[in-house]
Each structure stands twice: as C-alpha cells, then as structure tokens.
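Enquirer:
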Amino acid sequence: MLADPGALDRPARGRLLAGAPIAADLRAEVRAAVEAFRGRHGYTPALAALVLGRSEPFARYLQQILRACASVGLEGREVHVEGRVSAARVRAELCRLNADPHVAGIIVQQPLPRGLSPRVVTETLDPAKDVDGLTPLNTGLVTLGYGGFAPATAEATLEILRRSGVSLEGLHAVIVGRSHVVGRPVAQLLLREHCTVTICHRRTRELVSHTRQADVLVVAAGAPGLVTGEMLKPGAVVVDVGTSVIDGRIVGDVESESAARVAAAITPVPGGVGPVTNAVLMQHVIRAAEVQARASRRAATP
Ligand code: NAD
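Quick note, in this note's numbering, the sequence shown goes up one by one and the last residue is 305.
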C-alpha cells in the first residue's frame, strides 16, 4: 500500500535543499570553535570588511555578515574608505589590517569601485587573512588540493551537497558559469570529490546538451530563468547560485517551478546558497585565526 495514496495523482516534486538548517549547523560548529579559541588565546578574532565608498548591495551584504559574526561570537569590524578611493589608500588600509594581530580575516567590497584594479587587492591582501579566496595563492592551493581558502560561495555549494547526503563520487557535474569567485572554484572542489566536471559559459554552444547530462547541476550565471525543467536530466540535483533582483524580488538562475518537477533536489532562491555562504565565511575566519595564532606562537618560541 502507498504511504501517501494521492502521490500518484500529483506531479513529483524535487526535495528542497534549504540553506537555513545547514547554515545553522555550521554556525553552531563555529560558535563552539570561537569559544574554545577565546579560552586558549584570550581574545576574540575579528573579520574586517573593507568598504570602499558607497554601494547599496554591499551595504546590505555587510549587515548580514556583521549579524553572522555576532551570532558566532566573532568581532565584525567595518573599515570605511570615504571620498576618493585611490589604489594607495586601499593598499594602506589593507597593510594596516594585515598587520593587526586581532584581525583574522579580511573581505573587500565587491565589485570594486570603477577604475580600481583587482590586482590592488590581490597583490596586497595577506593570503592568510584572505577568507574569501581572492588571492592567487589561495586559488593555487585550492587547485592543488593543498588547503587554502576557496571563495565562500563555492565552498557553500559543496557543503550543501555534502550535508544533504549527495554522494558525489563518479557523478557528472555540470557548472554554468566560469567566474573566479564561483564557477571555476566550484569545478575544482567537485573534481576533488571525484566528479566528472563540465564547465559551461556564455559562449558554450547548445547549453541544453550539457545541462541534460548533469547528475549535479550548479548554475552561477546571473541570468534569471536561464535553466528550465526541460533542460534537466530527470533526478538531477540542482544548486542555484544565481541571485538577481527583479521588481524588488530576489530570483535565481533556475526556473524553480518547472525544474522542481524534474529534479530530485533543488536549492531555493533566496534561502539556499546565500545563508550557507555567510556561515562558511565565519568558518574560514576561525580557521584563519587558529593558523595565525599557531604561527605567532611558533614565532615567539625561542
Ligand atoms: P559573473 O558575471 O562574474 O560570471 C557569470 C558567468 O556565467 C560567466 O562565466 C558567464 O560566461 C556565464 N554566463 C552568463 N550568462 C550565461 C548564459 N546565458 N549561458 C551560459 N553561461 C552564462 O558572475 P558571478 O560573480 O560568478 O555570479 C554569478 C551569479 O551568482 C550572480 O547571480 C551572483 O549574484 C550570484 N552569486 C551569489 C552568491 C551567493 O552567496 N548566493 C555569491 C556570489 C555570486
């Protein structure tokens, strides 16, 4: 007998991979680690956010990050560069934060103000404090599988898959998007989990021919509604990283209605990757704090 006699009359719907419970678990782990750190080292590590002029979206993101810091017991510190944001001023602030022993992690407003080269940040930010994986050293370490910090969003994608019980080994993962903050690092992390990985981008021909082969589909294009249910392999697991604002509403890259009828599981937007990303960032800060505290203890030992 069917447990739910109405089930056959209804279209099947994919399981919703909500970010909130995963983020809550991660935050609980970080909170315990921060408390233990404070007990061992006698101070609260800080995450510093370098704010360059005025950006509404970054200001909103920053409020979320400061709340996340407070919820795990980390110090969240805003550092503002007001007025004309020159390369020299950004370098000077980053050097000051690099040298501050209580600052364990640094994030920098993205996108950067027009005219400021990303190299100003990637060449100055101490890789040990680069908790959102922007610097070439961290990209290299992640690629080689030697640790390092992957961008928090990329790692959040993997946390969602792992903590939702998806067994990744041998699966075909298709990623739509090849940016350095999402698409490429997600590909590296999925390769590390022994997936077969295909990366698609704006110039990919016949996107649908790739997406239909995906056991795991990660969409990070910033193109609302790009992926529909008919572009999916039945039973696929879909992670929608996209966030765009349309008529004041946050929407993803996947048309959730049609996709949920074909996929086995799908992340919602909002409420999927976003909250997990913030929690992963907290995890990176306490990891960075531990490494830095060990290094300064070693340096102080005669
Ligand atoms: P990006 O613009 O740097 O890169 C987008 C990528 O998608 C490019 O490689 C491009 O070639 C590809 N692409 C765009 N349109 C495409 C199309 N029609 N077909 C195939 N490929 C296409 O963007 P990004 O920084 O990687 O961000 C991607 C999305 O993820 C955005 O919506 C962004 O807001 C979101 N995002 C979310 C989080 C989060 O925490 N939830 C974090 C970072 C980014």
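Beta carbons are placed, not taken as given, at the ideal position from N, Cα and C, and that holds for glycine.
Bear in mind that the values here come from a model prediction, so they are computed numbers and not experimental data.
#1: Evaluate PRO24 with the Cβ neighbour count: other Cβ atoms within 10 Å of its Cβ, from every protein chain shown; 16 or more gives buried, anything less gives exposed.
#2: Evaluate LEU50 with the Cβ neighbour count: other Cβ atoms within 10 Å of its Cβ, from every protein chain shown; 16 or more gives buried, anything less gives exposed.
#3: Cα separation between ALA52 and PRO116?
#4: Can you give the Cα-Cα distance for VAL211 and VAL219, rounded to whole angstroms?
#5: Given LEU128, which residues of its chain have a CB within under 8 angstroms of its CB, disregarding the five upstream and five downstream residues?
#6: Which two residues bound the contiguous alpha helix (DSSP H) that contains GLY79?
#7: Going by C-alpha distance, which of LEU194, VAL265 and LEU69 is nearest VAL240?
#8: Is the number of C-beta pairs between the region 200-207 and the region 232-251 that are closer than 8 angstroms three or more?
#9: Pull up the distance between the alpha-carbon of ALA21 and that of ALA302, whole angstroms please.
#10: So if DSSP puts ASP28 in a beta bridge, which residue, or which two residues, is it bridged to?
#11: Using a Cβ-Cβ cut-off of 6 angstroms (strictly less than) and excluding sequence neighbours within five positions of LEU11, which residues of its own chain qualify?
#12: Rounded to the nearest angstrom, what separates GLU81 and GLN66 at their Cα positions?
#13: Nearest to GLY275 by CA position, among ALA157, LEU192, ARG63 and ALA190, is which residue?
#14: Mind checking whether the beta-carbon of VAL184 lies closer than 7 angstroms to any heavy atom of the ligand NAD?
#15: Threshold first: 4 residues or longer. Then list the alpha helix (DSSP H) segments lying entirely within the region 201-280, N to C.
#16: Please report the straight-line C-alpha distance between GLY306 and SER299, rounded to a whole angstrom.
#17: Rounded to a whole number of angstroms, what is the C-alpha to C-alpha distance between THR280 and PRO305?
#18: Given that a residue counts as buried once 16 or more other Cβ atoms are within 10 Å of its Cβ, and exposed if not, what is SER259?
#19: Per DSSP, what are the beta-bridge partners of HIS175 in this structure?
#20: Out of ALA292, ILE253, SER120 and GLY251, point me to the one whose CA is closest to ARG94's CA.
#21: Have a look at ASP103, PRO237, ALA91 and VAL33 and flag the residue whose alpha-carbon is nearest the alpha-carbon of ALA71.
#22: Sorry if obvious, but does the Cβ on VAL276 come closer than 7 angstroms to a heavy atom of the ligand NAD?
#23: With a threshold of 7 angstroms (Cβ to nearest heavy atom), would CYS203 be considered close to the ligand ADP?
#24: Mind checking whether the beta-carbon of THR231 lies closer than 7 angstroms to any heavy atom of the ligand NAD?
#25: For a quick check, are the C-beta atoms of THR270 and VAL294 less than 8 angstroms apart?
#26: Can the beta-carbon of CYS198 be found closer than 8 angstroms to that of LEU174?
#27: Using only the alpha-carbon positions, how far apart do GLU126 and VAL185 sit?
#28: Could you tell me the distance, in whole angstroms, from the CA atom of LYS132 to the CA atom of VAL257?
#29: Looking at ARG181 and the ligand NAD, is the gap between the Cβ and the nearest heavy atom below 7 angstroms?
Expert: In short:
#1: Exposed is the call here.
#2: By the neighbour-count criterion, in which 16 or more other beta carbons inside 10 Å mark a residue as buried, LEU50 falls on the buried side.
#3: ALA52 and PRO116 have their C-alpha atoms spaced approximately 15 angstroms apart.
#4: Whole-angstrom Cα-Cα distance: 14 angstroms.
#5: The residues are LEU97, ASN101, ILE109, VAL111, LEU137 and THR138.
#6: Careful: GLY79 lies outside any alpha helix (DSSP H), inside the beta strand (DSSP E) at 78-84.
#7: Ranking the options by Cα distance to VAL240, first place goes to VAL265.
#8: The answer is no - the region 232-251 does not touch the region 200-207, with fewer than three Cβ pairs under 8 angstroms.
#9: Their backbone Cα atoms lie some 43 angstroms apart in a straight line.
#10: Bridge partners of ASP28: none, in fact.
#11: The predicted model places LEU11 with a pLDDT of 43, which falls under 50 and marks its position as unreliable, so this point remains unresolved.
#12: Cα to Cα, GLU81 sits roughly 10 angstroms from GLN66.
#13: Residue ALA157 is the option with its Cα nearest to GLY275.
#14: Yes, the ligand NAD has a heavy atom inside 7 angstroms of this Cβ.
#15: Taking only runs of at least 4 residues, the alpha helix (DSSP H) segments lying wholly in the region 201-280 are 210-214 and 259-265.
#16: Here the chain covers residues 4 to 305 and nothing more, so residue 306 does not appear.
#17: Approximately 40 angstroms between the Cα atoms of the pair.
#18: Classification for SER259: buried.
#19: In the DSSP output, where bridge partners are listed per residue, HIS175 has THR199.
#20: It is SER120.
#21: Of the residues ASP103, PRO237, ALA91 and VAL33, the one whose Cα lies closest to the Cα of ALA71 is VAL33.
#22: Yes, the ligand NAD has a heavy atom inside 7 angstroms of this Cβ.
#23: The model depicted lacks the ligand ADP and carries the ligand NAD instead.
#24: Not so, every heavy atom of the ligand NAD lies at least 7 angstroms from the Cβ.
#25: Against a cut-off of 8 angstroms, the Cβ pair of VAL294 and THR270 comes out as no contact.
#26: It is a contact, given that the beta carbons lie within the stated cut-off.
#27: Computed Cα separation, rounded: 20 angstroms.
#28: Cα to Cα, the separation comes out at about 34 angstroms.
#29: Distance from the C-beta of ARG181 to the nearest heavy atom of the ligand NAD is below 7 angstroms.
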